[in-house]
Ligand code: NAD
């Protein structure tokens with residue numbers, strides 16, 4: 045098998061296997077071929093992961109931040125050195141074209157390690173004068189954090205969660221998605237090579253039940269999930285039983301609003317990036333593309349012309365621009381949405397089929413026009429390369445319609461009128477917004493959702509607050525004034 049790791053889990057600095065766990069087959073999405081066989085974590089494996097994390101965290105949390113930072117920087121350098129090999133593995137695990145995995149997945153993970161390495165030693169507390177006495181504050185680690193990943197950016201997610209967690213002195217037990225379990229194991233190995241003490245980043249495999257068993261353990265202080273809204277609701281509820289901290293990075297149905305005065309080429313390019321990158325399997329995608337009536341015909345014509353040129357095919361080929369969906373299940377979901385969109389009366393502009401697909405789970409870049417707010421395609425997250433184009437006339441109308449959803453992950457506006465751009469963005473209910481750009485998520489910028497799309501933020505200074513807690517220390521400098 046092409047991508048068989050040394051063992052299923054990585055715990056306390058070692059590869060760990062327990063064949064008693066149910067099998068997980070890892071399939072290459074372009075062919076359906078089995079590329080690795082792993083086992084789910086048994087209760088004994090979960091126990092070992094949590095126990096070693098809890099023990100290792102004690103010394104790590106007391107280290108100088110600059111010493112922790114050095115380890116993260118070294119790990120980032122190792123990721124960059126092994127960039128090609130890691131990109132190849134990510135392509136096998138996810139089916140994403142090598143063009144993307146070379147520049148987006150691991151490189152953005154390495155950015156996070158570098159960024160939080162730089163930030164960690166700068167985190168300080170406050171001194172609060174109280175006349176004679178004073179209070180000072182310390183930002184302390186939470187303890188053992190659990191990270192649970194989705195399958196769309198498996199290695200980036202493992203980095204985005206572990207980098208701030210480790211930088212702030214926590215340990216992390218990470219459970220990747222059972223669909224794409226391979227990248228996180230490489231990260232665990234890299235951390236050890238970079239000098240991270242054993243136990244601080246453990247990877248355990250498994251489906252939802254394995255994730256659930258991690259959350260309810262009393263040693264766990266925090267859970268950070270990237271996944272769908274229904275999973276988020278379950279994980280949040282379970283975390284609440286132990287009053288654990290949470291970060292929830294969930295789904296979306298984000299609006300991308302294009303006004304008549306926008307640059308046509310830029311707006312078309314952004315709409316394509318916002319729907320077809322990673323075969324549309326991106327949480328922040330702008331899947332409701334609202335186009336003002338005056339630009340509609342030109343926009344659709346240019347979009348159709350550019351979309352048919354997208355090169356779909358073998359993800360390992362340097363020239364391929366779009367690969368398959370991640371799994372047979374995802375293919376079934378996406379093709380179901382396409383069939384129902386047609387039945388509901390949306391107009392198919394381009395795509396809609398499987399292309400010249402071989403055995404893989406391919407879907408063509410697909411555009412529907414004349415989509416209305418009530419259609420399923422405008423309400424539900426498809427998570428595939430399916431763009432819904434909706435018409436609008438006025439600014440006021442489009443803001444109301446853009447916000448008429450329970451989701452609130454992201455939003456974008458294209459216009460040359462800067463006043464309008466800021467005015468509109470100011471009224472959109474979304475955690476992550478773009479003006480004349482889309483889906484750029486540099487590590488420096490906080491990322492996360494409003495409403496049902498999430499709680500907390502990853503990246504930026506904001507992430508530091510979600511992986512630490514404040515201790516207030518009252519310093520009495522005078523005699524104690526007891527009234528008895
Ligand atoms: P999912 O919700 O099916 O699974 C996510 C993870 O949760 C997996 O590791 C899964 O094993 C685990 N899980 C499932 N049930 C669980 C339970 N009861 N307790 C604990 N863990 C459990 O999501 P997915 O299909 O892997 O990913 C796609 C979804 O993720 C989409 O909705 C997408 O929008 C979202 N997503 C969000 C972001 C973001 O940053 N906001 C990023 C990527 C993906």
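Numbering (my numbering), first residue to last: 45 to 528.
C-beta atoms are modelled at their ideal positions from N, C-alpha and C, and glycine is treated no differently.
At a threshold of 6 Å, residue 66 does not count as near the ligand NAD, since its beta carbon sits no closer than that to any of the ligand's heavy atoms. The three-state secondary structure of residue 447, taken from DSSP, is helix. Contact between residue 224 and residue 149 is ruled out by a C-beta separation of about 11 Å, above the 8 Å threshold. The three-state secondary structure of residue 469, taken from DSSP, is helix. Take residue 226, set aside five residues on each side of it, and the residues of its chain with a beta-carbon closer than 7 Å to its own are 47, 49, 70, 80, 133, 137, in chain order. C-alpha of residue 86 to C-alpha of residue 267: approximately 20 Å in a straight line. The three-state reading of DSSP puts residue 132 in helix, counting H, G and I together.
Judged by pairs of C-beta atoms under 8 Å, the segment 496 to 516 touches the segment 154 to 168, as three or more such pairs exist. For the ligand NAD, a non-hydrogen atom lies closer than 6 Å to the CB of residue 279. Here residue 456 is bridged, per DSSP, to 300, 478. For the options 450, 521, 198, 289, the alpha carbon positioned closest to that of residue 176 is the one of 521. Under the DSSP assignment, residue 59 falls outside any alpha helix (DSSP H), being part of the beta strand (DSSP E) whose first and last residues are 58 to 60. When DSSP states are grouped into helix, strand and coil, residue 107 belongs to the coil group.
Counting C-beta atoms within 10 angstroms of its own C-beta, residue 500 has 16 or more neighbours from the protein chains shown and is therefore classed as buried. Going by DSSP, residue 46 is part of no alpha helix (DSSP H) at all; its letter is neither H nor E.
A Cβ-Cβ separation of about 5 Å places residue 74 in contact with residue 359 under the 8 Å criterion.
In this structure, the straight-line span from the alpha carbon of residue 475 to that of residue 121 is close to 31 Å. Distance from the C-beta of residue 256 to the nearest heavy atom of the ligand NAD is below 6 Å. Residue 214 holds the alpha-carbon nearest to the alpha-carbon of residue 112 among 214, 275, 145.
Residue 371 and residue 417 have their C-alpha atoms roughly 29 Å apart. Within the segment 341 to 407, the alpha helix (DSSP H) runs of at least 4 residues that lie entirely inside it are, in chain order, 372 to 387. Per DSSP, residue 281 is one residue of the alpha helix (DSSP H) stretching across 273 to 285.
The residues 403, 404, in chain order, have a CB closer than 7 Å to that of residue 76 in the same chain once the five nearest residues on each side in sequence are set aside. Straight-line measurement puts the Cα of residue 108 at about 48 Å from the Cα of residue 461. Taking each of 321, 269, 234, 310 in turn and checking the Cα distance to residue 221, the smallest one comes out for 269. With a cutoff of 6 Å, residue 295 counts as near the ligand NAD, since its C-beta is closer than that to a heavy atom of the ligand. Contact annotation, residue 211 with residue 116: C-beta distance approximately 6 Å; criterion of less than 8 Å satisfied. A straight line joining the alpha-carbon of residue 101 with that of residue 246 spans about 12 Å. Residue state for residue 146 is assigned as helix, using DSSP reduced to three classes. The C-beta separation of residue 236 from residue 242 comes to about 7 Å, placing the pair in contact by the 8 Å criterion.
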